[in-house]
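**Q** Add 154 to a position in the sequence shown, counting from 1, and you land on the number used in this note's numbering. The C-beta atom is built at its ideal place from N, Cα and C for all residues, glycine as well.
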Amino acid sequence: MVRWDRRRWSNWAGDVVVERPERHYYPTTRQDLLEIVGAAERRQPPPEVRAGGSHWSFSDIAVCRHWLVETRGLRATLYDVIPAALTDRARHDLMGQDPAGPLYSFYHVEAGALIHEVNLRLDRRPLPEADRAWARLPVDAIAGPWPGAGQRWALPTMGGAAGQTLAGAISTGTHGGDHDLPPMADMVMAVELVGPGGRHWWIERDTAITDRDRIRALRPGVEYRACTELFDAVLVSAGRMGIVYAYVLRVVGQFGLEQVTRASSWEDEAAGLRAPFRGFDQPRPGRDVAERTRFVEALIVPYADRRGRHTCHLTSRWTVPVPEGDPEPKGPDFFGLLCRHSTITPIVLVLIAVTVVVMAVSWFVPVVGPVLVGLAGLILLGLLGLLVLARVSLGALVARACNLANRLGRSGLVRRAVEAVLGRARPSVTRRDVGYELMDLAETGGECYRADSLEVFFDASTDAHADFLEQDAFPAFVRSARAGRTVAGYISLRFTRRTSAMLGMQQGDPAASVEVALLQGVEGNAEILHALETAALRRGATIHWGQRNTTDAAAVAAGYPRLPNWRQQLAEIIGAGHAGTFDNAFCAARRLEP
């Protein structure tokens, strides 16, 4: 019997909540998933079933009224299919690689594993006690002159944080900024899915790497499909087709990255980040000749300085040999700075608050004596103490300080704080480290703040991304500031190749993503994000499935030309099952149905 309770469900941001789901499941095996879905299908009327991983979604994509399924207990490396079920051709190609060239391998893993866990396993790093059972890799079982024996492996790309589950990241189209690579979904070679009717699927492209009969011998009762159309539909499906049990990933030899971050301005960098993207070719440190970068990100302050320029921290990466030694200590991300140096942060916040109040008082009283300053400080210290006793997070304290500054007409403090924090989050330095350590930009923990986030995607060959920034995003922040609502956050611009996933957001080639992340709790966030989402859709953008997404059926149809094909494949998956088992309000509103 699979364990379940009625415990409250919440996303990471805390703004999407199911107080008492009918059932809250915690499966640990594939059989558990089959039992959950089978039980749901036998009930009349059948309940909705939705899976959740790390709960990082900002939308209500994982919410349903009935049965919520936590997948974090499904995190094992799997050894029974790879390499035993590989086709003769796939095994020959795998074994016949040139040891001197770039190597690849296959990794079969349950979809609830965190990306961070997968990175450590692939790199053969010393693992935590709970993860040591999964340290061995499937292809280690290959006998003979296997060129990858003892090799350290890596995901070819990933997003900017490693705390998501594989299924959560892949099925919502998560990507990085590797401009010559497609997003994470495109490294998938096979999907194991538990779909409507409790049917167990093994799905690959037409050019399958596994043999049908060998899979069926190892997975009795499985429905095997080697069909690119079905595969491309399942890759990014927003949970509508079922619960992903496991993936077979194509992994690459471990690599190092050299990263350079430098302070500039959007106005100076914009030309190089439009087609034909000359900004993708830059000289590495100590070299005069421009070389092709692997990754480019522009992190932009949304407010212009006195010269009318928007500060931009440009990060570039190049592939290099794997550095020796342990990974370097990870630096903080933008909001993660609120979690750093926790012993001094409250003191800094008090000083900021005292400054705000004293400036406000001085607005009305020309001469402010030491006694008045002292009283203001004591009052604020007392208020801060009450907030701390009430267990208000540091992020919430900063948000309240921003709101106070706005109400007192001192929003310039918020703008200057954004510039200062962004400078600390992206210092102008050169780093070299193992690839996944540099790709993971998120601060460990992150429980002391919450954020509101929107990410929109454009066909970068049309320059729509740059027009959106200059004509929509920057003016929206100006309008909000003039209305007395200066918000705290940043804009990030990154690039990828087109995805093969039918509902992948990266429909352009290259595709440009513009992410707007704002500190939660600051007044004005909702208005800015709504205005930007609306403006992006007018420009033909697609919206990240796992971030703020209020699109309707018309917007989804306009953004995804292969949606009719996707619906046909969904009908194939549903088959004899109930059409509504994996439906929810989010999917229904966007007509993600047969």
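Looking only at C-alpha atoms, which of P175, P664, A400 sits nearest to Y233?
**A** Nearest C-alpha to Y233: A400.
**Q** Cβ of V342 within 8 Å of Cβ of L411?
**A** Contact flag unset, no.
**Q** Distance check for P477 and R586, CA to CA, integer angstroms please.
**A** For R586 and P477, the distance between alpha carbons rounds to 7 Å.
**Q** Using the beta-carbon count (16 or more within 10 Å), is P583 buried or exposed?
**A** Reading off the sequence, residue 583 comes out as Val, not Pro. V583 should be labelled exposed.
**Q** Compute the distance between the beta-carbons of D606 and Q660, then report whether it is under 8 Å.
**A** For D606 and Q660, no; Cβs fall outside 8 Å.
**Q** Name the residue from I454, T469, V455, R461 whose alpha carbon lies nearest to the alpha carbon of P437.
**A** Checked all of I454, T469, V455, R461; the closest Cα to P437 is T469.
**Q** Quick one: what does DSSP say R286 is sitting in, helix, strand or coil?
**A** The answer is helix: DSSP assigns R286 an H, G or I state.
**Q** Select from A308, N273, G396, G227 the residue whose C-alpha is nearest the C-alpha of E195.
**A** Closest option to E195, Cα to Cα, is G396.
**Q** Just tell me which of G304, H732, R721, H698 has its CA closest to the CA of E324.
**A** The residue you asked about is not Glu; residue 324 is Ile in the sequence shown. Per the Cα distances, H698.
**Q** What does R404 pair with, by DSSP beta-bridge criteria?
**A** DSSP output for R404 lists F260 as bridge partner(s).
**Q** T415 to G331, Cα distance in whole Å?
**A** Looking at the two C-alpha atoms, the distance is approximately 14 Å.
**Q** Just the C-alpha distance for V610 and S667, rounded to the nearest angstrom, thanks.
**A** Taking the straight line joining both Cα atoms gives about 6 Å.
**Q** Kindly confirm or deny that the stretch 269-289 and the stretch 359-366 touch, where touching means at least three C-beta pairs closer than 8 Å.
**A** No, the stretch 269-289 is not in contact with the stretch 359-366.
**Q** To the nearest angstrom, how far is the alpha carbon of P664 from that of Y714?
**A** About 16 Å.
**Q** Comparing C-alpha positions only, which one of D365, L683, G563 sits nearest to D626?
**A** Nearest option by C-alpha distance: L683.
**Q** With DSSP run on the structure shown, which of helix, strand or coil describes R162?
**A** Coil at R162, not helix or strand.
**Q** How should I533 be labelled, buried or exposed, when 16 other C-beta atoms within 10 angstroms of its C-beta is the threshold for buried?
**A** Unreliable placement is indicated for I533, whose pLDDT of 49 sits below 50; the coordinate value is still reported in the next sentence. That one is exposed.
**Q** Using only alpha-carbon positions, find the residue among Q318, G250, G327 that is nearest to A387.
**A** Looking at the Cα atoms, G327 is the closest of the given residues.
**Q** Using CA coordinates, which residue listed in S615, A680, T653, D214 is at the minimum distance from R639?
**A** Measuring from the Cα of R639, the nearest candidate turns out to be A680.
**Q** Count the other CB atoms, across all protein chains shown, that sit within 10 Å of the CB of P718; report buried if there are 16 or more and exposed otherwise.
**A** With fewer than 16 other Cβ atoms within 10 Å, it is exposed.
**Q** For W300, does the three-state DSSP call read helix, strand or coil?
**A** Residue state, collapsed to three classes: coil.
**Q** On a CA-only basis, which of S615, A344, A265 is nearest L320? Give me that one, please.
**A** When each option's Cα is compared against that of L320, the closest is A265.
**Q** In this structure, how does DSSP classify A550 when only helix, strand and coil are distinguished?
**A** A550 falls in the helix class under three-state DSSP.
**Q** Just how far apart, CA to CA, sit R279 and R636?
**A** R279 and R636: Cα-Cα distance of roughly 51 Å.
**Q** Is the stretch 573-582 close to the stretch 690-708, with three or more CB pairs under 8 Å?
**A** The stretch 573-582, when compared against the stretch 690-708, does not touch it at the 8 Å Cβ threshold.
**Q** Which same chain residues, not among the five before or five after S391, have their C-beta less than 7 Å away from its C-beta?
**A** Closer than 7 Å at the Cβ level, and outside the excluded window around S391, lie S325, L657.
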